[in-house]
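Read through the structure below, which is laid out as C-alpha cells, and then see the notes.
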Amino acid sequence: MHKFSRAILSSAILVALSSGFAIADPWIAGVTPRLVGRGVTSEIVISRWRHEASELVFYPPGMTAPEYSNSDESNRPPGIRCVETELDADKERLVCRLEVEADCQPGEYPFRVLTAVGLSSMGTVHVSPFPVIEEGEAKANTNDQVETALRVEPNVTVLGTLSRSAADDIDCFRVAGQAGDRLSVEVDMVKMGNDLRWNPVPDGYDSVVTVLGPSGKRIAINDDSSLNRQDPLLSVKLPVDGDYTVVLRRSMFVPEERAYAIHIGRFFRPLAAYPLGGPAGEPLDIELLGDPLGSVSQTVTPPQSPGTFAYFGEATLPLSLRSSPFPNVLENPGQLETRIPATPVAINGILAGPDETDRFRMTVKKGVPLQVRVWASALGSPVDPSIKLRRVDSSGAVGAVELEADDAKRPDRDIFGGQGDFPETFDPSVVWTPKQDGDYVLEISDPRGFGGPTHVYRVEIAPPVNTLHIGLSFEGYKPERPRKTSLSVPRGGTWTVRLSLYPGQGSNIKGPIDLGVEGLPAGIQMRSPQMPSLQSVWPMTLVADAEASLAASIIRVTAQPAEGGEPFATVNQQNLQRVSYSHYPWRNIRVDRFAAAVSEPAGFALELKAPKQPLMRGSEMTIPIEILREPGFDEPLEIQCEFAPRGVGTSPAEIIPAGQSTANLTLSASANAKLGSSPLYVMATTTQASGGRVDSKVRGDTELGSERVRVSSDVVSIEVAEPFVSLSSEPQSVRRGNTIEYRWAVKQIRPFEGQASVSMLGLPVGVTQVGATPTIDKDSNEVAVQLEARDEALLGLVSELKCDVQFSVGGVELQLRTGSGKLRIDPRLEK
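Mapping to numbering that gives the first Met the number 0: the sequence shown position 590 is 589, numbers consecutive.
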C-alpha cells in the first residue's frame with residue numbers, strides 16, 4: 000500500500016460549495032486496489048474524480064448476493080468504514096483510508112461516495128480473511144517461471160496484475176508443503192472486474208490455475224468451477240514434501256491488463272454442504288463435502304428470516320445455504336422413491352453417480368397451486384437440474400409426465416432489472432397446479448448425465464407467496480444511469496424517480512397499493528400517489544427540507560395494500576452490471592436496498608401545473624413549465640417528460656437556452672390511451688459538469704447523468720377522458736374548378752362549453768379549405784367544411800382525411816383530431 004498523504008488542492012480548483020449550487024452525482028471510473036485485508040487500515044484510490052468527499056456509505060453485508068435479501072445479516076454493521084478522504088485534484092483521484100475490523104465478513108462491499116453534489120455511482124472493494132501482500136512484479140513477464148516464482152507463506156492473499164504485454168503474462172508463486180497437507184487456491188479476477196465501458200469487449204478476465212509438484216509435474220488444474228464460476232478454485236492433497244508452484248495465467252491470451260487476487264494456503268475448502276439448508280432458526284447438522292482431506296460434520300443454525308445465507312469457514316468464498324419456513328426431507332438412497340409426508344417441504348438429495356435420477360412421492364390436491372423451485376446451480380452446486388412431475392394412477396403405477404422443466408427465465412427466479420449470467424437460471428422454478436387429487440412422483444436429474452459426491456440439490460415445494468419486487472429504472476447493458484436511478488435530493492428541492500414494480504412468480508397482487516420508505520436521511524420526505532392497482536412503473540418523489548443537513552443513508556422502499564387488501568411481501572433489488580464478455584454481462588452486483596442523500600441546492604426548480612381540463616383521447620394539449628432560477632444560475636437546461644399515462648406521447652427532450660425561465664410540454668393522446676387519472680412529471684438537467692474542479696478532464700455525460708445537476712417537478716395528476724365529439728363522413732367528390740361543402744356527422748360524447756372550430760387535415764395538393772372556419776357546439780349533429788379544388792389538384796381518391804377540432808375550455812386550449820374521410824377528385828366537365 001502507498002503511504003497515506005494529504006492531497007494539495009491546486010489554485011485551479013473550484014468546489015461545489017463555493018458556488019452554493021449542486022447535485023451532480025459523480026461517477027466512479029475505477030477503484031484500486033480492489034481488495035484489502037482484515038484488522039488493518041488500508042488505502043483505496045478512486046480514479047477520474049473531481050470532488051471532495053464527506054464519507055463512503057457502505058451497504059451492509061448479506062445484501063449483495065442473490066436471495067440474501069431476507070438474511071439476518073442485512074441488519075449487521077458492515078465491519079468496514081472510511082475514516083478519512085482526500086482529494087488529489089491534480090491527479091484527479093480520491094484517496095480513501097479504510098478501517099476493516101478483524102472479524103469483518105470476507106467478500107465484496109458495495110459503497111457510494113457522499114459529496115456536496117450528491118452520491119456517486121456504485122463502487123466496490125473486497126475484503127480478504129488473510130494477510131494481503133503485493134505481487135511486486137516490477138516488469139511484466141519476470142515472474143513467469145518456476146525459478147522466478149514469488150515465495151509466499153500459507154494462508155495469504157496476493158494482489159497482482161496480468162499485464163497487457165505482447166507475451167502472455169504468467170504469474171508464479173512458490174509455497175512449501177508436506178506430504179498429506181492440503182493446498183487450497185482461490186482466484187478472484189472476474190469478481191474483481193471493474194470494467195464499466197459502455198460497449199465493452201473486455202476479454203482477458205477468464206483465468207486458469209495450475210499446481211506443479213516439486214518435480215515440476217502438474218498435480219492439479221482448474222479453469223472454471225461451479226462454486227467460483229469463471230474464476231478458478233482448487234484444493235489438493237499434497238503427495239510429497241517440498242516446494243509447490245502455483246501458476247496463474249489467462250485461459251485465452253488477450254492483451255488486456257487485469258488485476259487479480261489469489262488466495263493460497265492450507266485452509267479447509269469444502270465444495271458443497273448437505274443438506275443445502277434447513278428450517279429457519281433450528282440447529283441443522285450438515286456434511287461439508289469435497290475437501291481433499293475428507294468430509295467434516297458441522298452444526299449450523301439457519302437465520303430466522305427465510306432466504307439464502309452464507310456459511311463462512313476458513314476459505315474466502317463461502318458456501319450458500321437456504322433457510323426455509325418448512326421442514327426438510329432427505330432422500331433415502333436405498334429406496335427407489337422417497338416418500339414426502341406433506342407439503343410445504345424442502346427435499347434434499349445428491350445425484351451421486353452418472354445418469355442418476357432421484358424420485359420423491361407426494362400427495363397433493365387438485366387445483367391447489369404449488370411453487371416448485373430447485374436450488375442447485377444457484378447455490379454453487381455442479382448440478383444442472385431438470386425435473387418431471389408424473390401422475391400416479393389408482394393402481395399406484397407411475398404414469399405420464401404432467402409437467403417438465405429445465406432452465407428458468409430470470410423472472411421465474413424473481414430476478415428483475417438485470418441481464419447476463421445469473422446461475423439461478425440453470426435451476427427450474429415453476430408454479431404447478433395439479434390436475435388430479437392424489438399421488439405424484441417428482442423426478443430430478445442432470446440431463447448431462449453428470450453425478451458425484453458433491454452434486455447436491457434442494458427442491459422447495461410450497462404455495463406461492465405473494466411478493467412484490469421493487470427496483471429502480473433499468474436499461475440494458477449500462478452499469479448504472481444516475482439520470483434515472485439517482486436518489487440524491489437537492490436541499491430545498493425535489494427529485495422524482497420511476498420505480499419498477501414486478502410481481503414475484505405465482506403472485507397475484509390486487510387492489511390499491513400505498514408506497515413508503517424506511518431509513519431516509521433526516522429532512523427528506525417521500526411523496527407518491529396511491530397506485531389504483533399494480534402498475535409496471537410508478538413515480539416516487541423525494542423532497543428535501545431547505546435546512547436539511549448533507550447526509551446519506553441506506554433505504555428500503557416498502558409497499559402495502561390499501562385498507563382491506565390482501566397482504567404481500569416486498570423485496571427491493573437492483574442489479575448493476577460490471578464485467579461483460581463480448582457485451583454479455585458475466586457479473587452483476589446485486590443489492591436489496593438503495594442509497595439516498597441530501598446534497599447542496601440545485602440552483603433551480605421546476606413548476607408544472609396540473610391541467611385544468613382532461614386530455615381527450617385523440618387530442619393534443621400544451622402545458623406550461625416554469626423554471627425558477629436562483630440568482631446567479633443561468634445555465635442552459637435539458638427538459639424532458641419522464642412519466643406520462645400509457646398511450647400518451649410527450650414532446651421530445653428540449654434544450655432551454657441560458658437564462659430562459661419558461662418551457663412547454665406537449666401531450667398527445669392516442670385513440671386508445673388509458674382512461675382515468677395518472678401521474679405526470681418532468682425533469683431538467685444541466686448539460687455541463689457541475690461542481691468540483693473547473694478545468695478537470697472529468698466531464699461526465701448528459702445522457703448518463705453523471706456530473707449533472709438534476710431536479711424534477713412535483714408529480715401532478717392528469718386525467719385522460721373520452722373526447723367531446725367524434726366526427727365521421729361518407730365518401731364525397733369534387734371536380735376541378737368547383738367548390739363543395741364536405742359534410743361531417745357529429746357524434747356528441749361529452750358536453751362542452753362554447754364553440755369549437757373545425758379544420759380539415761390531409762387535403763391533397765390543389766384542394767384547400769376556403770370560407771369562414773366552421774364551428775360546432777354541444778348541440779351540433781353536423782358540420783360542413785367548404786373545399787375548393789383547383790386545376791392542379793391530383794385526380795383520384797384521397798383517404799384518411801381528418802378534422803382538427805379546437806376547443807377552448809376553462810382557458811385551456813385543446814386540439815382534437817378525429818374522423819376518417821375520403822374525397823375523390825374528378826376532372827372538369829367539358830363545355
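Don't be surprised by glycine CBs; every beta carbon is placed ideally from N, CA and C.
Just so it is clear, the structure is predicted and the values come from calculations on it, not from any experiment.
Extent of the continuous beta strand (DSSP E) to which residue i belongs
| i | result |
| --- | --- |
| LYS236 | 232–236 |
| TRP494 | 493–502 |
| SER404 | The sequence shown places Ala at residue 404, not Ser. Unbroken beta strand (DSSP E) run through ALA404: 397–404. |
| ALA309 | 306–310 |
| CYS171 | 170–176 |
| PRO489 | 487–489 |
| GLY241 | 241–249 |
| ASN221 | 217–221 |
| LYS851 | Given that the chain is displayed from residue 0 to residue 830, the structure contains no residue 851 and the question cannot be resolved. |
| ARG734 | 731–734 |
| GLY122 | 122–127 |
Alpha carbon of residue i to alpha carbon of residue j, nearest angstrom
| i | j | result |
| --- | --- | --- |
| ARG823 | GLU729 | 11 Å |
| PRO566 | ASN507 | 10 Å |
| LEU828 | ARG734 | 8 Å |
| LEU813 | VAL496 | 29 Å |
| SER10 | HIS50 | Only weak support is given to the placement of SER10: the predicted model assigns it a pLDDT of 27, under 50, and the value that follows is read from those uncertain coordinates. Their backbone Cα atoms lie some 14 Å apart in a straight line. |
| TRP197 | ARG390 | Since pLDDT at TRP197 reaches only 45, below the 50 mark, its modelled position is unreliable, and the value read off the structure follows with that caveat. Rounded to the nearest angstrom, the two C-alpha atoms are 50 Å apart. |
| ALA601 | ARG490 | 8 Å |
| THR46 | GLU479 | It should be noted that the sequence gives Ser, not Thr, for residue 46. Those two C-alpha atoms are separated by around 17 Å. |
| VAL235 | LYS90 | 45 Å |
| ALA351 | CYS81 | 47 Å |
| PRO511 | PRO531 | 4 Å |
| LEU283 | ASN327 | 10 Å |
| LEU467 | GLY416 | 13 Å |
| VAL811 | GLN612 | 7 Å |
| LEU614 | VAL116 | 38 Å |
| PRO850 | PRO274 | This structure gives no information on residue 850, because the portion of the chain shown stretches from 0 to 830. |
| ALA551 | ALA595 | 6 Å |
| TYR67 | PRO59 | Any reading at TYR67 must be qualified, since the residue scores a pLDDT of 39, below 50, and its modelled position is unreliable; the value itself is stated next. Answer to the nearest angstrom: the Cα atoms are 11 Å apart. |
| SER428 | ASN221 | 30 Å |
| THR315 | GLY293 | 19 Å |
| ASP180 | ASP290 | 12 Å |
| VAL131 | LEU118 | 30 Å |
| ILE739 | LYS801 | 17 Å |
| GLY675 | ALA720 | 7 Å |
| LEU182 | ILE263 | 7 Å |
N- and C-terminal bounds of the alpha helix (DSSP H) containing residue i
| i | result |
| --- | --- |
| THR484 | 481–484 |
Test item: CB-CB of residue i and residue j under 8 Å
| i | j | result |
| --- | --- | --- |
| LEU514 | VAL542 | no |
| CYS640 | LEU664 | yes |
| ALA755 | GLN805 | yes |
| ARG96 | GLU42 | yes |
| GLY280 | GLN303 | yes |
| VAL367 | ILE460 | no |
| PRO773 | VAL782 | yes |
| PRO763 | LEU793 | yes |
| LYS387 | GLU336 | no |
| GLU634 | ALA657 | yes |
| PHE642 | PHE603 | no |
| ILE588 | MET121 | yes |
| ARG111 | VAL56 | yes |
| VAL647 | ALA668 | yes |
| PRO305 | SER319 | no |
| SER650 | PRO678 | no |
With 16 other Cβ atoms within 10 Å as the buried cut-off, status of residue i
| i | result |
| --- | --- |
| GLN573 | buried |
| ASN331 | exposed |
| GLY770 | exposed |
| GLU146 | exposed |
| ASP102 | exposed |
| GLN659 | exposed |
| SER4 | Only weak support is given to the placement of SER4: the predicted model assigns it a pLDDT of 34, under 50, and the value that follows is read from those uncertain coordinates. By the 10 Å Cβ count, SER4 comes out exposed. |
| GLY333 | exposed |
| LYS190 | buried |
Closer than 8 Å to chain D by CB, residue i
| i | result |
| --- | --- |
| PHE421 | Here chain D cannot be found, since the structure has a single protein chain. |
Item checked: Completely contained beta strand (DSSP E) runs for the segment 603–644, where each covers 3 or more residues -> Counting only runs of 3 or more, we get 603–607, 618–628 and 636–642.
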